[in-house]
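Every letter in the sequence shown is one number past the one before it in the numbering used here, and letter 77, counting from 1, is 280. Every residue gets a Cβ at the ideal spot worked out from N, C-alpha and C, and that includes glycine. Everything numeric in this text was worked out from a predicted model, so none of it was measured. Worksheet: the structure to be examined is printed underneath.
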Amino acid sequence: MTEARELIKTKLENVFRDVFDDDTLSLTDATTAADVEEWDSLMHISLVVAIEKEFSFRLNAAEVGKLENVGGMLTLIEEKTGSPSA
Numbered sequence: 204m205t206e207a208r209e210l211i212k213t214k215l216e217n218v219f220r221d222v223f224d225d226d227t228l229s230l231t232d233a234t235t236a237a238d239v240e241e242w243d244s245l246m247h248i249s250l251v252v253a254i255e256k257e258f259s260f261r262l263n264a265a266e267v268g269k270l271e272n273v274g275g276m277l278t279l280i281e282e283k284t285g286s287p288s289a
């Protein structure tokens with residue numbers, strides 16, 4: 204994992220911990236909604252809004268719909284922020 208991707212992952216993990224109010228939450232590229240007990244459709248909206256705020260960009264429905272796991276989310280954030288890919 205590149206240094207830039209690692210920094211994004213750390214920031215993303217902090218967003219997840221804040222949204223889900225769980226300081227022990229740890230993310231991997233394979234993490235999905237099924238792995239986080241409270242991650243339902245309503246929390247997904249809150250998560251997307253928090254990610255947009257943290258990283259200062261907007262996501263459209265098509266981009267959000269394509270996300271399958273945290274790894275995909277990291278890659279999308281890299282693309283949106285201009286960070287080099289892993």
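Assuming residue i and residue j form a contact by the criterion Cβ under 8 Å, report the distance between their Cβ atoms to the nearest whole angstrom.
i	j	result
residue 272	residue 234	6 Å
residue 228	residue 218	Wrong, their Cβ atoms sit about 10 Å apart, outside the cutoff.
residue 277	residue 215	7 Å
Could you check where the alpha helix (DSSP H) with residue i kicks off and where it finishes?
i	result
residue 241	Run containing residue 241: none; DSSP gives neither H nor E here.
residue 284	273 to 284
residue 265	264 to 269
residue 221	206 to 222
Whose CA, out of the options, lies closest to the CA of residue i?
i	options	result
residue 224	250, 209, 264	250
residue 181	268, 222, 209, 284	No statement about residue 181 is possible, as the shown extent of the chain runs from 204 to 289 and does not include it.
residue 256	222, 207, 270, 205	222
residue 236	268, 261, 211, 226	268
residue 266	259, 260, 279, 254	279
residue 254	243, 285, 211	211
residue 247	282, 264, 258	264
residue 241	204, 220, 258	220
residue 259	244, 245, 285, 243	285
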